[in-house]
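Working notes, structure below.
This is the structure:
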């Protein structure tokens, strides 16, 4: 009996099925590997197709390419690097449907270089780098937590008084976000829950855990913090 070898369109259709079932790209990739082994799509490719599905692009066949080079926005490349800064020029080019030289030029334009296998900003002062992180966080909140905007919840930010956190560009940007920044006494890392509680114990509890509602997540977090 011959072994079934799925083609790429079949695998894309399988991804769409998992997307409709509200599975994550990582879960879908894991199932494909368990089922098809070396014939499965890569993790990067799975994430790319889930991104297309979220944008209501359900065309599973390869799109015809015209003679003119495809154009893409810098924010598309930034979003890909936010999701996985270890992606290679080849992987980025395949997702964006452009050649590696085009990706390389755009990365240089964004001031990005590769260090230890990761794309990072080049020669950014510490305050600017932290501001960039806040910009990514703000965008991620809007994309992944739309209820914040609907409920008009205010984001409450707690960080220490390290120089990048209190730099003028950072303060100015936080004012535009209208986030509430909690006061933090100098030289007091013991009252930073992210350092001494969240990342150590809660991270283990969150591993492979899925919440089905905002209220369920809030209840679990409250019980974890209050202990």
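Residue numbers (the UniProt record's numbering): 1 to 227.
Note that the Cβ used here is the ideal one computed from N, Cα and C, for glycine as well.
Looking at residue 84: is its Cβ nearer than 8 Å to the Cβ of residue 93? Counted from its first residue, the chain shown places residue 84 at position 84. Counted from its first residue, the chain shown places residue 93 at position 93. No.
Quick check on residue 87: does DSSP put it in helix, strand or coil? Position 87 of the chain shown holds residue 87. Coil, per DSSP.
Cα-Cα, which of 9, 117, 159 and 53 is closest to residue 25? For this step, residue 25 is matched to residue 25 along the chain shown. Of 9, 117, 159 and 53, the residue nearest in Cα terms is 53.
Among 119, 50 and 49, which residue has its Cα nearest to the Cα of residue 82? To locate residue 82, count along the chain shown from 1; it is residue 82. Closest option to residue 82, Cα to Cα, is 119.
Does the contact criterion of 3 or more C-beta pairs under 8 Å hold for the segment 203-213 versus the segment 155-171? no
Locate the beta strand (DSSP E) running through residue 114, then write down its first and last residues. Along the chain shown, read from residue 1 onward, the residue named residue 114 stands at position 114. Start and end: 112-115.
Minimum length 4: unbroken alpha helix (DSSP H) runs contained in the segment 17-81: 25-36 and 43-54
What number of angstroms, rounded off, separates the C-alpha of residue 48 from the C-alpha of residue 23? Reading the chain shown from its first residue, position 48 is the one you call residue 48. Reading the chain shown from its first residue, position 23 is the one you call residue 23. Their backbone Cα atoms lie some 14 Å apart in a straight line.
Pairwise C-alpha distance: residue 186 and residue 172: Your numbering for residue 172 matches position 172 in the chain shown. Your numbering for residue 186 matches position 186 in the chain shown. When rounded, the separation of the alpha-carbon atoms in residue 172 and residue 186 is 21 Å.
Residue from 18, 221, 161 and 88 with nearest C-alpha to residue 204: The count along the chain shown starts at 1 and reaches residue 204 at position 204. With distances taken between Cα atoms, residue 204 lies closest to 221.
Please list, in chain order, all residues of the same chain as residue 157 whose beta carbon is under 8 Å from its beta carbon, the five residues on each side excluded. For the purposes of this step, residue 157 is identified with residue 157 of the chain shown, where counting begins at 1. Cβ neighbours of residue 157 beyond the five flanking positions: 174, 179, 180, 181 and 182.
Go ahead and pull the three-state DSSP assignment for residue 96. Locating residue 96 in the chain shown gives position 96, where the first residue counts as 1. DSSP places residue 96 in helix when its eight states are reduced to three.
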